[in-house]
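> Before we start, here is the structure in question, set down as structure tokens.
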Amino acid sequence: MNFIKFHKKDIYISIISLLILISIALFIEHPWPRDFLVSIFSFGLLAMSLNMLIGFAGMVSFGHAAFFALGAYAFGLLLQNENFVMYFGQFSIPIAFVLSVLITGLYSAIIGIICVRLNDIYFAFLTLAFQMFLYSVIVSWVSLTGGDQGLMGGIPRPPFLGIDLSDSIHRYIFCSIIFVLCIFILRILNKSNFGYTLRLIRDNSERAEFIGIRVLRVKLICFVIASMMASVGGIIMALFTSGAYPEWAFWTQSGEAIFMIMLGGVSIFIGPLVGTILLRSINDIVQIYSSHSDLVIGIIIMIVVLGLRKGLVEYFLEKISFKKK
Amino acid sequence: MLNIKNINKSFGGVVATNNVSLSFEEGSLSSIIGPNGAGKTTLFNLITGKIKPDSGEILLAGENITNLSPREIVLKGIGRAFQIANIFPTLTVKEALMASLASRLGISEKLFKPFYSKDLQNKSEELLDTLEMNDISDDLCSNISHGDQKVLDIGLALSLEPKVLMLDEPTAGMGPEERWQMVSTIERLWKLKNVTLIFIEHDMDIVFKISQKINVLRYGSLIASGNSSEIKKNKEVIDAYLGEDFESI
Ligand SMILES: Nc1ncnc2c1ncn2[C@@H]1O[C@H](COP(=O)(O)OP(=O)(O)OP(=O)(O)O)[C@@H](O)[C@H]1O
Ligand SMILES: [Mg+2]
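Chains as they are written, first to last, in my numbering: chain A, 1 to 325; chain B, 1 to 249.
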């Protein structure tokens with residue numbers, strides 16, 4: 001098939017990455033690498049999906065984590081509902097998964113219709129405002145969400161099709177598959193007609209309109225897809241922590257995703273993922289020695305942004321291509 | 001082909017277009033001239049839907065297009081290149097044309113269709129041949145020369161197979177040699193594509209050489225309309241724009 005032929009390289013890379021990820025679970029008994037990687041899957045999807053807005057389409061959102069949090073809360077609340085689990089039985093998890101992504105998609109479409117009309121800083125502020133709206137709903141609707149305490153009591157994880165997500169190895173492998181699949185989808189989108197239409201809009205939305213592009217519609221589709229991808233990240237985090245926390249909906253979570261993108265670089269597809277790995281690693285390492293991890297991370301980001309004026313991946317790729325010449 | 005009837009537009013107190021009526025024959029090559037601020041670009045903006053007129057009508061092949069969006073007008077067949085080359089800096093020349101062709105084919109919103117398809121590539125190569133831009137097809141739009149950017153801007157408009165092609169100062173900012181090269185490109189494309197071509201130009205030599213019909217604007221009003229010899233003799237145009245010593249040319 002043409003599609004497979006065209007994406008041969010990406011399919012190979014995805015399969016190999018998945019095999020490596022799975023073998024880590026099979027050969028390393030200690031839970032640390034798995035736990036670390038699950039957090040990378042989760043926040044990596046947040047950063048990668050945010051870069052679909054920022055890097056592909058030039059839409060700088062300050063409120064992207066809202067969709068991450070909404071995915072997590074929707075997933076947790078559905079599964080905590082006894083009727084839901086009774087009704088869907090062993091299919092509760094896959095159905096809750098799909099529903100949470102769809103709910104996030106719907107919510108983002110409603111917000112998106114308003115936000116995508118605005119440009120630059122106005123778009124950024126409005127997305128931020130909607131995020132803070134969601135945050136206050138979560139914090140104040142204590143009876144439903146548990147308020148600042150987060151979603152308490154754990155999220156039930158009934159086994160389905162022989163997969164038991166309360167088992168840490170099963171959960172890890174499940175999350176690996178979902179993660180690789182999502183990154184693959186983002187990659188296909190990036191190389192598709194739609195992906196190039198987003199580049200047109202990012203570069204020059206006025207001209208795009210004059211060659212017949214439906215700019216608002218395309219931006220809205222992009223916004224919804226990116227939000228749904230972020231919700232998958234949130235669902236992975238909810239599965240992992242067996243809960244959901246209001247911090248995920250706080251603006252600092254969106255800020256962190258922007259840092260990840262800045263650290264890795266906007267212009268390279270995999271940049272934000274590398275940024276995620278770097279930021280999480282730095283965070284974990286610094287925390288061993290000091291309680292001021294935010295300060296250290298802030299300084300590192302300042303050095304990268306001011307010193308290199310680009311992401312680390314971009315910087316090294318440029319170095320390499322320069323040497324080749 | 002294109003008929004403009006009693007069109008008016010003011011910005012605050014400035015009357016940018018004052019009751020202008022104009023018509024452009026199918027397949028003709030016409031120019032619009034006038035001093036800075038005469039309302040030439042504004043007229044283009046009105047025709048292409050970028051701004052809405054206060055009153056008046058614009059008809060394309062008899063169809064009223066006055067209140068359509070820029071996108072709808074483009075799809076009806078009015079293509080446009082801009083006074084300042086209006087392109088896509090981070091794409092290559094070929095990619096920009098491919099993306100534009102995808103829009104023409106109605107497949108620009110396909111989520112999973114690979115962009116580098118045989119079909120789009122072949123079509124863009126044809127267009128690159130037409131524009132004589134093969135040698136720079138893989139350069140970033142932001143890295144090519146100013147003149148090439150202006151040609152690419154025209155190419156983007158042409159990729160949509162317009163009936164009417166509107167060029168806003170296609171030779172602006174060019175040296176004499178590049179200028180005449182552009183003029184021959186414009187003439188070549190006009191003949192090849194059988195479009196109705198309208199261009200805005202300040203260089204009178206170019207205007208008189210290639211226009212079949214010249215329209216002169218001043219303070220938003222149309223003060224004259226005719227072929228080269230008629231315009232050269234027009235008293236009002238000489239006073240307002242060409243200057244006394246022009247008759248000698
Ligand atoms: N969007 C706008 N808002 C306010 N005033 C405008 C706008 N566009 C044009 N004008 C005014 O309308 C008048 C005509 O401008 P226009 O750009 O059409 O002139 P032009 O003939 O294209 O000039 P040039 O040869 O310098 O390109 C000018 O006085 C200009 O300042
Ligand atoms: Mg102008």
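Virtual Cβ for every residue (Gly too), placed ideally from N, Cα, C. Computed from a predicted structure; not experimentally measured.
Ordered along the chain, which non-local residues of its own chain (more than five positions away) have a Cβ less than 8 angstroms from that of residue 101 of chain B?
For the purposes of this step, residue 101 of chain B is taken as the residue at position 101 of the second sequence. Here the set comprises 120, 123, 124, 127 and 159.
> Output the distance between the C-alpha atoms of residue 16 of chain B and residue 51 of chain B, rounded to the nearest integer angstrom.
The residue given as residue 16 of chain B occupies position 16 in the second sequence. The residue given as residue 51 of chain B occupies position 51 in the second sequence. The straight-line gap separating the alpha-carbon atoms of residue 16 of chain B and residue 51 of chain B is approximately 12 angstroms.
> Report all residues from its chain with a CB closer than 6 angstroms to the CB of residue 89 of chain B; omit the five preceding and five following residues, and keep chain order.
As a first step, residue 89 of chain B must be located in the second sequence, where it is residue number 89. So the list reads 141 and 142, once near-sequence residues are dropped.
> For residue 200 of chain A, return the contacting residues in chain B, with the cut-off set at a CB-CB distance below 9 angstroms.
If you number the first sequence from 1, residue 200 of chain A lands on position 200. Residues of chain B with a Cβ closer than 9 angstroms to the Cβ of residue 200 of chain A are, in chain order, 88, 91, 96, 99, 100, 103 and 108.
> Output yes or no for whether 8 angstroms exceeds the beta carbon distance between residue 163 of chain B and residue 196 of chain B.
Indexing the second sequence from 1 puts residue 163 of chain B at position 163. Indexing the second sequence from 1 puts residue 196 of chain B at position 196. Yes, Cβ-Cβ distance for residue 163 of chain B and residue 196 of chain B is below 8 angstroms.
> Under 7 angstroms from any heavy atom of ligand 2, by CB: list those residues in chain order, please.
B/40, B/41, B/83, B/168, B/169 and B/200
> Does ligand 1 have a heavy atom nearer than 7 angstroms to the CB of residue 14 of chain B?
Along the second sequence, one-based indexing puts residue 14 of chain B at 14. At a cut-off of 7 angstroms, the beta-carbon of residue 14 of chain B counts as near ligand 1: some heavy atom of the ligand is closer than that.
> Listed from N- to C-terminal order along the chain, which residues in the region 148-164 of chain B have their beta-carbon within a distance smaller than 9 angstroms of any beta-carbon of chain A?
153, 156, 157, 159 and 160
> Would residue 247 of chain B pass as an interface residue toward chain A - the criterion being a Cβ-Cβ separation below 8 angstroms?
Residue numbering aside, residue 247 of chain B sits at position 247 when the second sequence is read from its first letter. Since pLDDT at residue 247 of chain B reaches only 49, below the 50 mark, its modelled position is unreliable, and no value is offered.
> Quick one: which residues of the region 63-85 of chain B get their C-beta closer than 7 angstroms to a C-beta of chain A? List them in chain order.
70, 71, 74, 75 and 80
> Whole angstroms are fine: how far does the CA of residue 81 of chain A sit from the CA of residue 157 of chain A?
Counting from 1 along the first sequence, the entry for residue 157 of chain A is found at position 157. Counting from 1 along the first sequence, the entry for residue 81 of chain A is found at position 81. C-alpha separation (whole angstroms): 12 angstroms.
> Under 7 angstroms: does the beta carbon of residue 36 of chain B sit that close to some heavy atom of ligand 1?
Translated into the one-based positions of the second sequence, residue 36 of chain B becomes position 36. True, at least one ligand heavy atom lies under 7 angstroms from that Cβ.
> When burial is assigned at 16 or more other CB atoms within 10 Å of the CB, is residue 207 of chain A buried or exposed?
Along the first sequence, one-based indexing puts residue 207 of chain A at 207. Flag for residue 207 of chain A reads buried.
> If you measure from the beta carbon of residue 188 of chain A to each beta carbon in chain B, is any gap under 8 angstroms?
For the purposes of this step, residue 188 of chain A is taken as the residue at position 188 of the first sequence. Judged by the 8 angstroms Cβ criterion, residue 188 of chain A is in contact with chain B.
> Taking just the CA atoms, how far does residue 20 of chain B sit from residue 103 of chain B?
As a first step, residue 103 of chain B must be located in the second sequence, where it is residue number 103. As a first step, residue 20 of chain B must be located in the second sequence, where it is residue number 20. If I take the Cα positions, the gap works out to 33 angstroms.
> Could you tell me the alpha carbon to alpha carbon distance between residue 142 of chain A and residue 150 of chain A, rounded to whole angstroms?
Position 142 of the first sequence, counted from the first residue, corresponds to residue 142 of chain A. Position 150 of the first sequence, counted from the first residue, corresponds to residue 150 of chain A. Taking the straight line joining both Cα atoms gives about 9 angstroms.
> Among B/40, B/31, B/41 and B/63, which has the Cα closest to the Cα of residue 3 of chain B?
As a working note, residue 3 of chain B is residue 3 in the second sequence. Out of B/40, B/31, B/41 and B/63, B/63 has the C-alpha closest to the C-alpha of residue 3 of chain B.
> Are the region 225-236 of chain A and the region 64-79 of chain A touching, with three or more C-beta to C-beta distances below 8 angstroms?
Because the criterion of three Cβ pairs below 8 angstroms is met, the region 225-236 of chain A and the region 64-79 of chain A touch.
> Would you call the region 108-119 of chain B and the region 191-208 of chain A in contact, with 3 or more CB pairs under 8 angstroms?
yes
> Once you ignore the five residues that flank residue 159 of chain A on each side, which residues in its own chain have a CB closer than 7 angstroms to its CB?
If you number the first sequence from 1, residue 159 of chain A lands on position 159. Only residues of its own chain outside the window of five on either side were considered, and among them 90 have a CB closer than 7 angstroms to the CB of residue 159 of chain A, listed in chain order.
> Determine the extent of the alpha helix (DSSP H) in which residue 193 of chain A is found, giving its start and end residues.
Your numbering for residue 193 of chain A matches position 193 in the first sequence. In the DSSP assignment, residue 193 of chain A falls within the alpha helix (DSSP H) that extends over 193-210.
> Can you tell me the Cα-Cα spacing of residue 209 of chain B and residue 95 of chain B, whole angstroms?
Indexing the second sequence from 1 puts residue 209 of chain B at position 209. Indexing the second sequence from 1 puts residue 95 of chain B at position 95. If I take the Cα positions, the gap works out to 35 angstroms.
> Leaving out five residues before and five after residue 246 of chain A in sequence, what residues of the same chain have Cβ atoms less than 7 angstroms from its Cβ?
Here residue 246 of chain A is taken as the residue at index 246 of the first sequence, counted from 1. Closer than 7 angstroms at the Cβ level, and outside the excluded window around residue 246 of chain A, lie 135, 138, 139, 148 and 150.
> Applying a beta-carbon distance threshold of less than 7 angstroms, which residues of chain B neighbour residue 235 of chain A?
To locate residue 235 of chain A, count along the first sequence from 1; it is residue 235. Within chain B, no residue comes near residue 235 of chain A; the closest Cβ sits about 22 angstroms away, beyond 7 angstroms.
> Less than 8 angstroms between the beta carbons of residue 111 of chain A and residue 88 of chain A, yes or no?
Counting from one through the first sequence, the residue named residue 111 of chain A turns up at place 111. Counting from one through the first sequence, the residue named residue 88 of chain A turns up at place 88. The answer is no: Cβ separation not under 8 angstroms.
> Report the CB separation of residue 248 of chain A from residue 234 of chain A in whole angstroms; it is logged as a contact under 8 angstroms.
Here residue 248 of chain A refers to the residue found at position 248 of the first sequence. Here residue 234 of chain A refers to the residue found at position 234 of the first sequence. At roughly 6 angstroms, the Cβ-Cβ gap stays under 8 angstroms, so residue 248 of chain A and residue 234 of chain A are in contact.
> Answer yes or no: the CB of residue 11 of chain B versus the heavy atoms of ligand 1, is any distance below 7 angstroms?
Residue numbering aside, residue 11 of chain B sits at position 11 when the second sequence is read from its first letter. At least one heavy atom of ligand 1 is nearer than 7 angstroms to the Cβ of residue 11 of chain B, so yes.
> Using a Cβ-Cβ cut-off of 8 angstroms (strictly less than) and excluding sequence neighbours within five positions of residue 201 of chain A, which residues of its own chain qualify?
Residue 201 of chain A sits at position 201 when you count from the first residue of the first sequence. Around residue 201 of chain A: 57, 58, 208, 213, 215, 218 and 219.
> Check the C-beta distance from residue 42 of chain A over to residue 237 of chain A and give it rounded, since I have them as a contact under 8 angstroms.
Against the first sequence, residue 42 of chain A aligns to sequence position 42. Against the first sequence, residue 237 of chain A aligns to sequence position 237. So it is a contact: roughly 4 angstroms between Cβ atoms.
> Mind listing the chain A neighbours of residue 115 of chain B? Cutoff is C-beta to C-beta under 8 angstroms, in chain order.
Translated into the one-based positions of the second sequence, residue 115 of chain B becomes position 115. The contacting residues are 191, 192, 193, 195 and 196.
> Please report the distance separating the alpha-carbon of residue 215 of chain B from that of residue 198 of chain A.
For the purposes of this step, residue 215 of chain B is identified with residue 215 of the second sequence, where counting begins at 1. For the purposes of this step, residue 198 of chain A is identified with residue 198 of the first sequence, where counting begins at 1. So the alpha carbons of these two residues sit roughly 39 angstroms apart.
> Return the first residue and the last residue of the beta strand (DSSP E) that residue 17 of chain B is part of.
For the purposes of this step, residue 17 of chain B is taken as residue 17 along the second sequence, with counting starting at 1. It spans 14-24 - the beta strand (DSSP E) in which residue 17 of chain B sits, taken as one unbroken run.
> Could one say the Cβ of residue 46 of chain B lies closer than 8 angstroms to chain A's Cβ atoms, at least one of them?
By 1-based counting over the second sequence, the position of residue 46 of chain B is 46. Not one chain A Cβ lies under 8 angstroms of residue 46 of chain B.
> Just to confirm my understanding: we take residue 5 of chain B, look at its own chain, exclude 5 residues before and 5 after, and list those with CB closer than 8 angstroms. What are they?
Residue 5 of chain B sits at position 5 when you count from the first residue of the second sequence. So the list reads 21, 56, 57, 58 and 59, once near-sequence residues are dropped.
> At the level of alpha carbons, what is the spacing between residue 212 of chain B and residue 28 of chain B?
Locating residue 212 of chain B in the second sequence gives position 212, where the first residue counts as 1. Locating residue 28 of chain B in the second sequence gives position 28, where the first residue counts as 1. Cα-Cα distance, rounded: 7 angstroms.
> Count the other CB atoms, across all protein chains shown, that sit within 10 Å of the CB of residue 107 of chain A; report buried if there are 16 or more and exposed otherwise.
Counting from 1 along the first sequence, the entry for residue 107 of chain A is found at position 107. It counts as buried.
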